[in-house]
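Heads up, the working numbering is the position in the sequence shown plus 2, with the first residue counted as 1. Glycine is no exception: its CB is placed at the ideal position from the N, C-alpha and C atoms. This structure is a prediction, so every number in the text was calculated from the model and none was measured. Single-structure report; data block below.
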Amino acid sequence: ISMDPVDPMPLAGGTTSLNVLDAETIDRLVAVAGEDVETPVMMIEIRYIEGAVDRMPRRDGVANRHDAPMAVMMGAVVFDPALAPAIHAALAEVEAALAPASSGSLLLNFLHLGDGSGERVQACYAQDDYLRLRQVKAELDPGNMFRYNANIPPATVPGAPALAGAGVGSGLDLLGAYA
């Protein structure tokens, strides 16, 4: 390892998946993040994941959700916490531009810190797998102690009190005001 930063970088990011990368999708992307657009988004990567990765049996693991041929990740460095809202808005604008071509699923390893809302985490799993994970969580962690980052809340236990923040952005914010 050479010249890696000692401290963590204050990053913000987003992700989506694409069923198609046609001229219309490219035009929408260039309209919000092309070279003539002033945007804080510094990187947009479109990974083609069809092929050997896509041929893995679906039952080899719950996080093996590859139902689109392309995965997209994007990022920006939040050098000033005051810029975080504008950066998050720009990332959301890129995701919105790609939405018509998106499958709606997400890759778990592309979620960014602070991106652990219930809907985003759930989109990383097939529905039956997500429900099974919630059942396991109810058995092993009914109090939702392990709820940081990509939280999967426990399934509702009859008679148990509701969990504050379960599945709705309850991720640990290691970056403080940056996320």
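Whole-angstrom C-beta distance between residue j and residue i, which should lie under 8 Å
i	j	result
glutamate 121	glycine 16	No, glutamate 121 and glycine 16 are not in contact; Cβ-Cβ is about 14 Å, not under 8 Å.
leucine 100	leucine 13	So it is not a contact: roughly 20 Å between Cβ atoms.
alanine 78	proline 42	5 Å
leucine 23	methionine 72	6 Å
valine 123	alanine 157	Not confirmed; about 15 Å, so no contact.
threonine 18	valine 80	Threonine 18 to valine 80, Cβ: 20 Å. No contact.
Helix, strand or coil at residue i according to DSSP, with G and I counted as helix
i	result
tyrosine 150	coil
valine 138	helix
alanine 157	coil
valine 8	coil
Alpha carbon of residue i to alpha carbon of residue j, nearest angstrom
i	j	result
serine 105	asparagine 111	17 Å
proline 155	alanine 140	8 Å
tyrosine 50	glutamate 95	22 Å
glutamate 40	phenylalanine 148	39 Å
methionine 11	leucine 108	23 Å
alanine 125	tyrosine 150	17 Å
threonine 44	proline 144	Going by the sequence as given, residue 44 is methionine instead of threonine. C-alpha separation (whole angstroms): 40 Å.
alanine 35	isoleucine 46	9 Å
glycine 63	aspartate 38	42 Å
valine 138	serine 119	19 Å
valine 32	proline 102	15 Å
proline 7	isoleucine 89	22 Å
leucine 93	methionine 76	7 Å
Residues sharing a beta bridge with residue i, DSSP
i	result
leucine 13	Val79
serine 104	In the DSSP output, where bridge partners are listed per residue, serine 104 has none listed.
alanine 73	Ser19, Arg49
Proximity test, residue i beta-carbon vs the ligand NAP heavy atom, cut-off 6 Å
i	result
valine 74	In the structure shown, the ligand NAP is absent, as is every other ligand, since no ligand is present at all.
Complete runs of the beta strand (DSSP E) confined to the region 19-64 [at least 3 residues]
45-50
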